[in-house]
Amino acid sequence: MAKTTIYAGLEIGTHKICVVVGEAKRDGSIKILGVGEAASRGVRKGEIVDFDKVQTCLNDALVRAEDRSDVMIRNVFLGVSGAHIESLNNIGRYRLPEDQTEITEDDVEEAKEIARNVNVPQQNVFLHSMTRQYIVDGQEAVRQPIGREARFLEADYHIIHGVRGRIQNAIRCVREIPLEVEDVVFNPIAAAQVVLSREAKNQGALMIDFGAGTADFVLYRDGMLTASGCIPLGGDHMTNDIAMALQIPNGRAEKVKVEEGSTLYQDVDSGDVLRVEDDTGHVIGEIERAFMYEILYLRAQEIFDQVKVRCEAHIGHLGAGIYLTGGVSLLKGIDAVARDVFGVKVTKVGSAPVSGVTSTFENPKYSTPIGLIRYAQILDSEKPFLSPLARLSRKVSEMLSVIPFS
Amino acid sequence: MVEYHRHSDAPAISQGPISIAIIGVGGAGSNVLDRITLDRTLDASLVCMHTDVRVLGHAMAPTKLQLGTELMRGVGAGGDPDLGREAALFSRDVIRQNLAGHQIIFICAGLGGGTGSGAAPVIAEIAKSTGALVLVVATMPFSFEGRRRITQAEEALELLQKRADALILFENNRMGELILPKDGIQKAFGAADQLISQSLRAVSTMISTPGLVKLGLDDLTSALSSSNGRCLFGFGEAKGQNRGAEALKKALKSPLIDQGRLLHHTKNLLVHVAGGEGMTLVEVEGIMKQIGRNVPDHTQILFGVAVEPKLGDAVAVTLISSLGAEALQSYSQAQTAIRLEPEVPASNEPAPKPAAKTSAPPPLPRSSEPEEGDASKAKTAADAFDLFAASAASAVATAPVATSVFKEVTTEVTHVIERSVRVDAEIPDEVTFEESETPEAAEENEVEPEVVAPMAETTSVPLPTARPQAAPVVTARERSEPQAEPAPAPARHTGGLLANVIGGSSSAATPDSDMFQAGDEGRGRFKNTEPSLVEGEDLDVPTWMRLKKKLSR
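Chains as they are written, first to last, in this note's numbering: chain A, -8 to 397; chain B, 85 to 637.
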């Protein structure tokens, strides 16, 4: 393990397919070697609906990434998302045998096993199961329980699960390229690795990755992953809203949204009319700017509302506030909407600095793919809070578990 | 070796191996015997009994016995239990000859048919009279086999219950879960046979081998003691490093246990762990610990361990328990009152339809669902269920026993539940299914455009009623001032009130919000995707459209 490793992260987004090649150095820093991006087709709400189209686009992105990074990509870390992905927290309580007072490794394993033993729908598989903390005799937030004296050991787990078939389909699509999928990662988990700092996680932070197809979120509280999930609504819906209001094609609506979009409808004069022209300069629609802004405002508000419903219990504990990332976070005024909904501080962020062609990658659009690199690195260094349980990585973890304290 | 607490009158056991006989009665019974013969896993004399010579000709059991040779002339009982009974009575002497000298007699029969239902009770009686222990392994017919067969099975079951020392009852419906839905019916029956032969093998191993911790027939009967109980049986065998845990995992996987979930409701659970000489205490301990997690504290765990050299380096775990049919039903109802609904429209009754409309459960986490909504849904589900039951009852007014109808519904329910477990997270799929299935939905499709998307009209002819709609496509210069004024106004006002409006709508699912779930209007590019339903509202439809609709009401 004493070498730098090159990883490739692949995010098949609703709007773009992005391959990032990064080099993880021994000191933990990451250098981005190259990024390949291609417009995505055949993806709806974060899930692949048309294999052929996706594969064509994926090939484009891959070739570009290989060109720029001068690396031959064979294995990728695949980011997945979709409405089917859900999460839950579960505590496994284990009572130590009578004749034993000190917690051993086996006891921890046992507690973990109990914690993981939850009922998820039959067709679902675990995508991640991460230790949040150990509780030793009621004492919370224990990171390392082995060697402590106790009667009870509890393992607190955050489990993310999704429908097996859908995850499998994404993997299959990538394999046919052919690329080997090293691990499957839930998108916001990856993005959070580069968006949220350790302090933010400790203070409590909600990261919303507002993409085109889905709004994925993860919530950290007291440094622990507490909630995560996916709302199948995103920038595409905004585009659709505009397209339907103006009766213009979606492509045009997308352009209007990106170029003129904002949610600050109160600051616009009521007489201000926005004209939408087609390629020939023909006016194909007109709309009052305030109304269009309001359309966007309403949609954004609704999406944030949905996120809020799912982490209602923790909203009061977000010391670091909300971190917005993903393509839609570039929309003007979106932070104000989030502030209205959640009532806490909102920050728009991209990936934290990594070396390489930095300026490009601080764009929030790339949070997830860069996060995938970071995730891969963490995975390899076997940080306890990210022990992987996805099927594909099981082999790796088994191998690593043989080596003590690696 | 065998503990005979309740059967002190049974002949004292001589030293030496216990002799076991397995009798397969009827078609299902002979299939099970075939399986056992092929597997060669059991040290027992196998006797196949049938009225039909052709079946006997195919059967692989070493001993074959034709019932009612002269009476039936080699033809089957044709689904008539009376004929089956007659045939068995006719050849009772031969039967007795074959059964004599065995200490344990298993009788396998598929209930519902002629020979199985008719002859099995007679054979059980004869077996009992030889002084042997009689264990009956019976299967209830699939629900699709018809009500008559189920009634016959019920009657035979009652007779068997009186005569047998222990009755292990399998529900074919549940065993259908063993295989994939697309697999052939042959495979379904095959899988059921396999499960039964496994259970036979497990039980006979359990009672006959000298155990380190013994389990006797008394334990078996107490594990199976619930009245009218259905057997919950799980068997798993595994080799290799993690064999204990693997074996248990397999045992718990048995569909008859429903992933161990049904074990939460049992009073007694029999656990038998068998392994080769290499089995360690740690393994057994690990298995028992794991089981302890799956059952509540008040459950009595009857535990046994045996060393069976035949197993080699494998470990086998057997779980046996039973649950009354009623308990099973109430469990399933409580579990999935809501999930029942998608199945309801499948019946031809028009009544359950409204239930189907409310049934689209939101894809949100369940916790966010308002409780009242839950309750009302459960109620509609219950209503629909009642209706269904009632209609079923009227449809079979000729059926003599009301309980049989009840049972039919029960099996239906369990069937549904098992499927719905899978459906659980696929809720959006269900919804699309509804869209295409419900004719009402289609009607709405046609009606709705007027309501939802009148914008095209608005641009040319400003209608007084279309006040809010004027806003979206404004040709500003043509528009007169008074119209322009109200246009943005409603939206603007709602700006402040939005939280209330949206919050209100999401907390109290509006009764007519389901209009959205069927129509494709307003979905635009999301026309062909699964709808993002929240509280019955399709969030793919532009927010402003939905809001406008709410305001105009």
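Note that beta-carbon positions come from the ideal geometry of N, C-alpha and C, so glycine has one too.
**Prompt:** Looking only at its own chain, which residues have a Cβ that is under 6 angstroms from the Cβ of ARG630 (chain B), when we skip the five neighbours before and after it?
**Reply:** none
Given this structure, state the Cα-to-Cα distance separating PRO240 (chain A) from GLY156 (chain A), to the nearest angstrom. Distance between the alpha carbons of PRO240 (chain A) and GLY156 (chain A) is about 33 angstroms.
Original post:
Could you check where the alpha helix (DSSP H) with LEU216 (chain A) kicks off and where it finishes?
Top reply: No alpha helix (DSSP H) contains LEU216 (chain A), which is instead part of the beta strand (DSSP E) from 215 to 222.
Q. How about ARG327 (chain B): is its C-beta nearer than 8 angstroms to some C-beta of chain A?
A. Chain A contact via Cβ: absent.
Could you work out which residues of chain C lie near THR613 (chain B), taking near to mean beta carbons separated by less than 7 angstroms? Of the protein chains in the structure, A and B, none is chain C.
Worksheet item: When the Cα atoms are used, what is the spatial distance from VAL625 (chain B) to ASP296 (chain A)?
Response: 16 angstroms
So, does the CB of ARG231 (chain B) fall closer than 8 angstroms to a CB anywhere in chain A? no
CB GLU190 (chain A) to CB VAL67 (chain A), shorter than 8 angstroms? It is not a contact, given that the beta carbons lie outside the stated cut-off.
- Residue from A:PRO223, A:ILE222, A:GLU245, A:GLY220 whose Cα sits closest to the Cα of ASP232 (chain A): A:GLU245
(request) Taking only the alpha-carbon atoms, compute the straight-line gap between ALA74 (chain A) and PHE254 (chain B) and give it to the nearest angstrom. (result) 38 angstroms
Practice task
Measure the C-alpha to C-alpha separation of VAL116 (chain A) and LYS336 (chain A) and round it to an integer number of angstroms.
Solution key: 35 angstroms
* Mind pulling the chain B residues with CB within less than 7 angstroms of LEU224 (chain A)? -> SER616, LEU623
Unbroken beta strand (DSSP E) run spanning ALA390 (chain B), endpoints: Its beta strand (DSSP E) spans residues 384 to 391.
Report task. Within the same chain, show all residues whose beta-carbon is closer than 8 angstroms to that of ILE286 (chain A), passing over the 5 residues directly before and after it, in chain order. Result -> MET229, ASP232, ILE233, ALA236
Quiz item: For PHE610 (chain B), which residues in chain A fall below 9 angstroms Cβ to Cβ?
Solution: ARG35, LYS36, ASP227, HIS228, ASN231
Where does LYS336 (chain A) fall in DSSP's three states? coil
Would you tell me roughly how many angstroms separate the C-alpha atoms of LEU244 (chain B) and GLY168 (chain B), rounded to the nearest one? 14 angstroms
With DSSP as the reference, please indicate the residues paired to HIS152 (chain A) in a beta bridge. A:GLU77, A:PHE117
* Asked: Just the Cα atoms here: how many angstroms apart are ALA250 (chain B) and ILE191 (chain B)?
  -> The alpha-carbon atoms of ALA250 (chain B) and ILE191 (chain B) are separated by roughly 11 angstroms.
So what does DSSP say about ARG123 (chain A), is it helix, strand or coil?
-> strand
If you reduce the DSSP assignment to three classes, tell me which class LEU353 (chain B) lands in.
strand
Practice item. With 8 angstroms as the threshold, decide whether the Cβ of GLN46 (chain A) is near any Cβ in chain B. Key: No, its Cβ sits nowhere closer than 8 angstroms to a Cβ of chain B.
Q.
Going residue by residue through the stretch 168 to 247 of chain A, where are the continuous alpha helix (DSSP H) segments of at least 4 residues, counting only ones entirely within it?
A. Segments of the alpha helix (DSSP H) lying fully in the stretch 168 to 247 of chain A: 178 to 186, 189 to 194, 226 to 237.
>> Taking 8 angstroms as the threshold (beta carbon to beta carbon), is ARG65 (chain A) in contact with chain B?
In response: No, its Cβ sits nowhere closer than 8 angstroms to a Cβ of chain B.
Task: is_contact[PRO626 (chain B), chain A] using C-beta, thresh 8 angstroms - done: yes
Worksheet item: Hey, does LEU631 (chain B) have any beta-carbon neighbour from chain A nearer than 8 angstroms?
Response: yes
Chain B contacts made by the stretch 279 to 296 of chain A, where a contact means CB separation under 7 angstroms:
Answer set for the stretch 279 to 296 of chain A: GLU279, ALA281, PHE282, GLU285, ILE286, LEU289, ARG290, GLN292, GLU293, ASP296.
Taking 8 angstroms as the limit between beta carbons, can you name the residues of its chain near ARG180 (chain B), skipping five residues before and five after? ILE210, SER213, THR214
- Message: Quick test of your reading: THR613 (chain B) and ARG35 (chain A), contact by CB under 8 angstroms. State the CB separation rounded to the nearest angstrom.
- Response: 5 angstroms
Exercise. Rounded to a whole number of angstroms, what is the C-alpha to C-alpha distance between THR199 (chain B) and ASN81 (chain A)?
Worked result: 52 angstroms
Check: Roughly how many whole angstroms lie between the Cα atoms of GLU28 (chain A) and SER406 (chain B)?
Finding: Going from the Cα of GLU28 (chain A) to the Cα of SER406 (chain B) covers about 59 angstroms.
**Item:** As assigned by DSSP and simplified to three states, the class of CYS48 (chain A)
**Value:** Residue state, collapsed to three classes: helix.
**Prompt:** Closest by CA to TYR366 (chain A), which one among A:SER261, A:VAL26, A:GLU14, A:PRO169?
**Reply:** A:GLU14
Note to self: Would VAL399 (chain B) and LEU296 (chain B) be called neighbours here (beta carbons separated by less than 8 angstroms)?
What the structure shows: no
- Query: Using a beta-carbon distance below 8 angstroms, is ALA236 (chain A) in contact with chain B?
  - Reply: yes
Does ASN241 (chain A) come within less than 8 angstroms of chain B when only Cβ atoms are used? yes
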